[in-house]
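Below is one structure, written out as structure tokens; comments come after it.
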Amino acid sequence: MSSLRERQKENRRRNILQAAREQFVESGFETTTIETIAAQAEVSSVTVYNYYGTKTGLLLALVAESDALLRERMDALLSDPPDTIGEAFSAFAATIREHALSFLTKPVWRQVIAASIVEGDSQFGRAYAQLDRELARLMAKILEKLRARGRVNALVDLDILGQSLFHLQNARFTQFISIDGLQNETVDRYLREDIAALLAAAPAGSPT
0 MSSLRERQKE NRRRNILQAA REQFVESGFE TTTIETIAAQ AEVSSVTVYN
50 YYGTKTGLLL ALVAESDALL RERMDALLSD PPDTIGEAFS AFAATIREHA
100 LSFLTKPVWR QVIAASIVEG DSQFGRAYAQ LDRELARLMA KILEKLRARG
150 RVNALVDLDI LGQSLFHLQN ARFTQFISID GLQNETVDRY LREDIAALLA
200 AAPAGSPT
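Below you can see the structure in the form of structure tokens.
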């Protein structure tokens with residue numbers, strides 16, 4: 000009986016999240032209400048509040064679901080990354096952008112970014128920051144693969160480098176989702192130029 004109740008609860012959670020995702024994408028975050036989500040999910044508004052609290056809580060749950068799916072896509076990249084830092088970084092950033100738009104729209108991602116800033120000290124903000132740290136660690140793991148091939152300096156702190164590259168990606172991702180007409184290919188070019196400039200900045204043989 001307990002197992003049946005747990006399955007029913009999980010089904011309700013899944014239905015609520017699916018309804019929220021569809022409503023946010025089709026109607027926009029601001030226009031969507033807990034009541035419209037509840038109606039589509041065929042549950043009461045009280046049930047939605049009990050499970051997720053607010054629309055921001057639903058956003059966080061959707062971001063967590065998105066990141067779980069993204070990590071699955073990243074596993075393929077991690078298993079056999081491109082052979083240079085530039086190409087691996089470009090593939091990492093492209094995977095994030097492509098997955099993001101396959102899951103939510105740019106306007107909804109703008110709401111996610113805004114909530115992560117406004118509510119930085121809340122559960123939402125802390126959980127979102129943790130998801131970012133996990134992605135930065137994935138970038139570091141890709142760099143570990145390249146180091147094993149002799150493509151990354153043995154003296155470089157890969158955790159710091161992974162975080163730095165992730166934050167560069169994140170800045171361009173924010174630019175990407177902020178402008179509806181900005182194309183994926185254009186951002187890819189920007190990032191390739193960014194990383195090329197960084198890698199070429201120090202003269203040959205320089206300790207810096």
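With numbering that gives the first Met the number 0, letter number 126 in the sequence shown gets 125, and the count goes up by one each step, no holes.
Beta carbons: idealized from backbone N, C-alpha and C, even for Gly.
Beta-carbon spacing of residue i, residue j below 8 Å
i	j	result
residue 18	residue 40	yes
residue 37	residue 24	no
residue 138	residue 154	no
residue 75	residue 81	no
residue 190	residue 162	no
residue 50	residue 15	yes
residue 77	residue 159	no
residue 30	residue 54	no
Boundaries (first-last residue) of the alpha helix (DSSP H) holding residue i
i	result
residue 86	84-102
residue 111	105-117
residue 161	157-177
residue 56	54-78
residue 123	122-147
residue 152	Note, residue 152: premise wrong, no alpha helix (DSSP H); not H, not E.
Member of the options whose CA lies at the smallest distance from the CA of residue i
i	options	result
residue 193	35, 92, 29	92
residue 100	13, 177, 79	177
residue 22	141, 102, 195, 148	102
residue 106	175, 149, 85	175
Just checking, does the region 49-63 make contact with the region 107-116 on the three C-beta pairs under 8 Å criterion?
-> yes
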